[in-house]
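J.:
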Ligand code: B12
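Numbering (our numbering), first residue to last: 1174 to 1624.
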C-alpha cells in the first residue's frame, strides 16, 4: 500500500501593508526565508513509525496552485497543518477524497477542531501521533478506518519510544535547516500558547542517546547541518540539558533553539551551550511592560515576575557569544499605544541581537481563544487564515484595532531598518571582543564576528 505524507508549508501573512514592508526590510525577509525551508518533523516522525511494507512519499504544499500536479496514486494521504493553513489543508483533503484516496488529518490544530476537520477527511487523529498511527495503519489495511482516533489519556507518549524520523525522505538540496525535537511541552502555561502544550500537559525529554542518533542520521545527508531544535522550551531540566550539551559538543554543529530567560541563571549551562555550537536562543519575552505581562502565564504569573531580570539575562546570555532573539507580542490586554515606543526603547537599551514582533493571536484550543470568544472579541468566527501572528484576529482592549495595526507597522519599520539592524549587530560584535565568557575557537569567533 502507498502512503503520501503531505505537509502544508511556507509562511503566511495576509496583512498587505506588512507584506509590502517585508519585501523591503532585510531582517524581516531573511528570517522568513530561513524558517520557510523547514520540513514537517511531525510527518517525518510518523513515516519513521510506518512499517517497511508500506511505500511512503513526502510532499509539501506551499501553494494550492501546485495541487493538480501532485501524485494521486496513494491508498492514504496523511496531512499535517498549523492553523493559518487549515483551510488550504481542507482543500487538499477535499481534492484527495474526490480522487478516491482516504485522508487522515492530524496535528495541534485539528486536535482542537476535530469535528470541523472531519467534514473534510476520512479520519482525524486527536493528540500525539505516535501512539495512534499504528492503529490507523492497521485499520487502513483492514478497510475500516474510524472517523476519530483520540489519545487517551492525552499527552502521555513516552519520548523514550520515539522513532527515528525519516530524514532520508527529504530532498537534500531543498533544506538549509533541519529540525530535531529534544523535548515536548513546557512547564509554563501562557494563555496564548498554541504549541505542543496543546498536545501534552507534561514536559517530556527525549533521551540524549536518541537525540545524538537523530543528529548522526541527519549528518549522513547534510554533513555540517544547521539544526533547529523544535522544542518549545529547551534546558528546563538542567542536569539532562548538560548531559545533552556535552554529547553535542563533539558533533560540530551549529544550532538554534527556544528557551526561557532562566538559562541565564546558570553560567555552566551557557558555557556548554556555547561549546556545543548554539548560535541563537529565541526567548518569548512577550513585553517590556510588567502590566502587560501580568496574567499571561496562568500558573504562577511567572513571566511578569521575570521582567526585572530581562536585561541582565540578555546581557549574560549574549556575553557567551549566543545571540538572543527576543520575541514581543503586541496587543496584549494591558497594552496602550505607548507600548510600541516601549518595545523600541527596550530593544535599543537591552542590546538584543535580534528581535521578533507579532500580534497577540487567538489560536483555537487556547485559553485565550476561549476567553476572547466569551467576551465577543473574536473578529470573525472560524477565520483561521488570520492565525499567522502577522494578522489581527481579535478586538484589542487598550487601543483600537487600527491603532494596533498602525503602531505595529511603524515599529516594524523602525526595528528592521538597515540602520537599526546594523547597530544591533555592531553592538553585539563590540561586546564580544572584550567578553570574558566568549571562549570559542578562533574559527567560530571569526564566523560570528563576520555574521
Ligand atoms: C518547524 C515549525 C514550522 C515550519 C515547519 C512546519 C511544518 N510543516 O511542520 C514552518 C517554518 C514551515 C512553519 C510555518 C508556520 N508556523 Co510554525 N513552527 C514550527 C515549530 C518551530 C516546530 C514544529 C515541530 O516541528 N514540532 C515537532 C513535531 C514532532 O510536532 P507536531 O508537528 O505537532 O506533530 C506531532 C502531532 O501534532 C501529530 N501530528 C502532526 N501532524 C500530523 C498529521 C497526521 C496525519 C497525524 C496522524 C498526526 C500528526 O503527530 C506528531 C507527533 O506526535 C513550532 C514551534 C515549536 N517549538 O513547536 C512552530 C509553530 C508550530 N508554528 C506556528 C505558526 C504560527 C506558523 C505559521 C502560521 C507562521 C506563518 N505566519 O506563516 C506557519 C504555518 C505554516 C503551516 N505549515 O501551516 C505556531 C503554530 C500555532 C498553531 N497552533 O497553528 C507554532 C506552535 C509556533 C508558535 N508561534 O506558537 N513552522
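Glycine included, every Cβ here is placed at the ideal spot set by N, Cα and C.
The structure presented is a predicted model; accordingly, all values stated were derived computationally and were not measured.
So, at 6 Å on beta carbons, what are the nonlocal neighbours of residue 1286 in its own chain, with the 5 sequence-adjacent residues on each side left out?
T.: Same-chain partners within the cutoff: 1537.
J.: Between residue 1211 and the ligand B12, is the CB less than 6 Å from at least one heavy atom?
T.: Indeed, a heavy atom of the ligand B12 lies less than 6 Å from the Cβ.
J.: Run through DSSP, which three-state label would residue 1250 get?
T.: Note: residue 1250 maps to strand in three-state DSSP.
J.: Using the C-alpha atoms, what's the distance from residue 1546 back to residue 1452?
T.: Approximately 39 Å between the Cα atoms of the pair.
J.: Say the cut is 6 Å; is the CB of residue 1405 nearer than that to a heavy atom of the ligand B12?
T.: Correct: residue 1405 has its Cβ closer than 6 Å to the ligand B12.
J.: When DSSP builds the beta bridges, which residues end up paired with residue 1215?
T.: Answer by DSSP bridge pairing: none, since residue 1215 is not bridged.
J.: Does the ligand B12 have a heavy atom nearer than 6 Å to the CB of residue 1556?
T.: No.
J.: Taking the straight line between their C-alpha atoms, what separation do you get for residue 1597 and residue 1454?
T.: Their Cα atoms are separated by approximately 16 Å.
J.: Enumerate, from N- to C-terminal direction, the unbroken beta strand (DSSP E) stretches of 3 or more residues contained entirely within the stretch 1302 to 1334.
T.: Here the runs fully enclosed are 1321 to 1323.
J.: By Cβ distance, which residues of its chain are closer than 8 Å to residue 1391, with the 5 residues on each side in sequence left out?
T.: Counting only Cβ-Cβ distances below 8 Å, and skipping sequence neighbours, we find 1340, 1351, 1353, 1398 and 1400.
J.: Compute the beta-carbon to beta-carbon distance between residue 1266 and residue 1300, rounded to the nearest angstrom, for a pair I have assumed lies under 8 Å.
T.: With 8 Å as the limit, residue 1266 and residue 1300 do not qualify as a contact, their Cβ atoms being about 19 Å apart.
J.: Starting from the C-beta of residue 1270, find all residues in its chain whose C-beta is less than 6 Å away, skip the five residues before and the five after it, and write them out in chain order.
T.: For residue 1270, where only same-chain residues beyond five positions count, the Cβ hits under 6 Å are 1276.
J.: Is there contact here, the stretch 1325 to 1339 with the stretch 1357 to 1372, by at least three beta-carbon pairs under 8 Å?
T.: As far as the Cβ criterion goes, the stretch 1325 to 1339 touches the stretch 1357 to 1372, which means the pair count is three or higher.
J.: Tell me whether residue 1279 sits in a helix, a strand or coil according to DSSP, three-state version.
T.: It is a strand residue.
J.: List, from N- to C-terminal side, the alpha helix (DSSP H) runs of 4 residues or more that fit wholly inside the stretch 1538 to 1585.
T.: Whole alpha helix (DSSP H) segments, 4+ residues: 1540 to 1547.
J.: Skipping 5 residues on each side, what residues in its chain have a beta carbon closer than 6 Å to that of residue 1489?
T.: 1437.
J.: Just reading off the alpha helix (DSSP H) that residue 1489 is part of, what are its end residues?
T.: That run of the alpha helix (DSSP H) goes 1483 to 1492.
J.: Please list, in chain order, all residues of the same chain as residue 1243 whose beta carbon is under 7 Å from its beta carbon, the five residues on each side excluded.
T.: If we look at residue 1243 and ignore the five residues flanking it on each side, its Cβ neighbours are 1232.
J.: Within 6 Å: the Cβ of residue 1229 and any heavy atom of the ligand B12?
T.: Not under cutoff, so the answer is no.
J.: Just the C-alpha distance for residue 1531 and residue 1585, rounded to the nearest angstrom, thanks.
T.: Using only the alpha carbons, I get a separation of about 10 Å.
J.: Report yes if the C-beta distance between residue 1479 and residue 1434 is below 7 Å; otherwise report no.
T.: Going by C-beta atoms, residue 1479 is nearer than 7 Å to residue 1434.
J.: Which residue comes first and which comes last in the beta strand (DSSP E) that contains residue 1180?
T.: Taken as a continuous stretch (DSSP letters only), the beta strand (DSSP E) holding residue 1180 covers 1175 to 1181.
J.: Compare the beta carbon distance of residue 1348 and residue 1360 with 7 Å and say whether it is the shorter of the two.
T.: The answer is no: Cβ separation not under 7 Å.
J.: Are the Cβ atoms of residue 1575 and residue 1508 separated by less than 7 Å?
T.: Cβ distance not < 7 Å, so residue 1575 and residue 1508 don't count as in contact.
J.: Among the residues of its own chain, which have a CB less than 8 Å from the CB of residue 1234, if the five just before and after it don't count?
T.: Closer than 8 Å at the Cβ level, and outside the excluded window around residue 1234, lie 1179, 1180, 1181, 1182, 1240, 1243, 1261 and 1265.
J.: Is residue 1625 a contact residue of the ligand B12, with contact defined as CB to any heavy atom under 6 Å?
T.: The requested residue 1625 does not occur in the structure, where the chain is confined to residues 1174 to 1624.
J.: Measuring CB atoms only, is the stretch 1415 to 1425 touching the stretch 1469 to 1476, in the sense that at least three cross pairs come out at less than 8 Å?
T.: Flag = no, the stretch 1415 to 1425 and the stretch 1469 to 1476 do not touch.
J.: Excluding five sequence neighbours on each side, which residues of the same chain lie with their C-beta closer than 7 Å to the C-beta of residue 1568?
T.: Contacts found: 1550, 1552 and 1574.
J.: Can you name the residues that DSSP bridges to residue 1595?
T.: Bridge partners of residue 1595: none, in fact.
J.: Given the structure, does residue 1131 come close to the ligand B12, in the sense that its CB is under 6 Å from one of the ligand's heavy atoms?
T.: Outside the displayed span of the chain (1174 to 1624) sits residue 1131, for which this structure offers no information.
J.: Would the beta-carbon of residue 1229 fall within 7 Å of that of residue 1281?
T.: For residue 1229 and residue 1281, no; Cβs fall outside 7 Å.
J.: Do residue 1215 and the ligand B12 come close, with the Cβ less than 6 Å from some heavy atom?
T.: Yes, the ligand B12 has a heavy atom inside 6 Å of this Cβ.
J.: Look at the Cβ atom of residue 1443, then the Cβ atom of residue 1493, and state whether they are nearer than 7 Å.
T.: Yes, the Cβ-Cβ distance between residue 1443 and residue 1493 is below 7 Å.
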